[in-house]
Every structure is written in C-alpha cells, then in structure tokens.
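Reviewing the structure listed below.
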Amino acid sequence: MQKYPNLKNHFLLASPYMADPRFTRALILVCEHSAEGSMGIVLNKFANLTLADVGASLKIPVLEDRKSIAVLKGGPVHMDRGFIIHDAGPQWSSTHEVAPGLYVTTTREILLEIGAGGGPERFLIALGCVGWDEGQLEQELNSVDWIIHPADNKIIFNSENNDRLQLAASQMGVDLVRFAPIVGHA
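Numbering of the sequence shown is given in numbering that gives the first Met the number 0, commencing with residue 0 and proceeding in unit increments.
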C-alpha cells in the first residue's frame, strides 16, 4: 500500500470512480489524519436545515439576519453533532486547529455567539463528519476514490457551497466533467 503524507488541511475530491453514493461529487476537508485514523467534513452537501432550525432544536436564539444560514451535511458520522469550521477567531474550549487560520469547534458556546451575531468572522456550520479507521483512508486513496489537493481557505470561506468542488478541481487543472469514470486500453 502506498504511504501518504499527513493529509490534515487537504481537500479530498471524490473521483468519478467513487462507488459510495454518500460521497458522489463530494469535497471533504481533512481535519485530522494520523496512524489511528482520520476525520473530515464534507463542504458541499446540504443538510436541508438552516441556523434557525439548529437554534430552535438547541433552544439557542438566532438573530433574524442569521436565520437563513445554510447548514451542511458534514458526513454520516456523529450526525447529531455540530462542527463549525471557522477562521482565526476567538478560541473555544473544544477548538481544534486544522491549520493556521483554520479551525473546527464543536461547542454550544460558538453557536450561541454566532446566533447572536458574534463569533468568528467567517464560518461554515455542518452536522456530522466523515471518519476513517486506521488505514481506511489510505486504502480508499489507493483504490482511486479520492483526488488529493491542499486545502484553500478562499474556497472554504469565499465561495458558494455548490461551487467548492469545481473550484478545487480547477485549481488542480482537472475538469471533472471530462474526467472519464471508465478506464480503457489503447
């Protein structure tokens, strides 16, 4: 099996060979990658919820101008937990640094601040995450399920959810429309 460098702060772009329908055309931010396993968050799939829905569920007040903020479907693991991806704002008790200027926080306190109009300047809210056991991600990489690319905060925070996958692919010079899912022999 091919060895890979630490993929923390990298994007995984679902290749056209991706067999798992949950990850078709997915863009994942790898937040942790170690010998024990890996964790990431899908950045371009919607949960059909807004911050108002999350606020109502958790009894958190949300300002009118923040109620329509879309919530992402971060992955099939821990679907009952919120993951806030944010820039270099204040640190909360369960803030995990992905890279300088890029953090993931999983506390209620950050949602209280965001709902009240405060918190980090730039953020995404996701329910759930993606998890891989020891060696599982490397196995998927070897079976060409994913394309690896360094993460870019501009794509994370300055683009629309539906555009993130194509923008990441474009940075690599990959046209996903022309990327054939069938390999032939000449």
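Just so it is clear, CB atoms sit at the ideal spot from N, CA and C, and this is done for glycine as well.
Note that the structure is a prediction, hence the values are computed from the model and not measured.
Residue i: which of the options sits nearest, CA to CA?
i, options, result
"Gly54", "Asp174, Gly81, His77", "Gly81"
"Pro60", "Gly116, Ala18, Gly127", "Gly116"
"Gly100", "Asn141, Ala18, Leu62, Asp86", "Asp86"
"Phe122", "Ser93, Ser56, Glu63, Asn157", "Asn157"
"Leu42", "Asp174, Asp162, Gly172", "Asp162"
"Gly36", "Glu137, Leu62, Ser93", "Glu137"
"Trp145", "Ala98, Tyr16, Leu126", "Tyr16"
"Arg21", "Ala167, Gln165, Val129", "Val129"
"Glu133", "Met38, Asp64, Lys72, Leu62", "Met38"
Starting from residue i, trace the beta strand (DSSP E) in both directions and tell me its first and last residue.
i, result
"Asp132", "122 to 132"
Closer than 8 angstroms by C-beta to residue i: which residues in its own chain qualify, once you throw out the five before and the five after it? Chain order, please.
i, result
"Gln170", "His148, Asp151, Ile154"
"His184", "At His184, the pLDDT of 38 sits below 50, so the modelled position is not reliable; the number obtained from the coordinates is stated separately. Closer than 8 angstroms at the Cβ level, and outside the excluded window around His184, lies no residue."
So, are the CB atoms of residue i and residue j less than 8 angstroms apart?
i, j, result
"Leu12", "Leu26", "yes"
Ignore the nearest five residues each way along the sequence and tell me which others in residue i's own chain have a CB closer than 6 angstroms to its CB.
i, result
"Ile83", "Thr104, Ile109, Phe122, Ile124"
"Ser67", "Thr49"
Can you give me the start and stop residues for the alpha helix (DSSP H) that residue i sits inside?
i, result
"Glu108", "107 to 114"
"Leu28", "Here Leu28 belongs to no alpha helix (DSSP H); instead the beta strand (DSSP E) covers 26 to 33."
"Leu136", "135 to 141"
Return the chain-ordered list of same chain residues with a C-beta closer than 7 angstroms to the C-beta of residue i, the five sequence neighbours on each side being excluded.
i, result
"Leu111", "Ile59"
"Gly118", "Gly88, Ile109, Glu112"
"Ser93", "Thr104, Thr105, Thr106"
Those runs of the beta strand (DSSP E) which lie wholly inside the stretch 37 to 72 and span at least 3 residues
Runs of the beta strand (DSSP E) inside the stretch 37 to 72: 45 to 49, 69 to 72.
Quick one: complete alpha helix (DSSP H) runs, 4+ long, within the stretch 146 to 181?
DSSP runs (the alpha helix (DSSP H)) wholly in the stretch 146 to 181: 152 to 156, 163 to 171.
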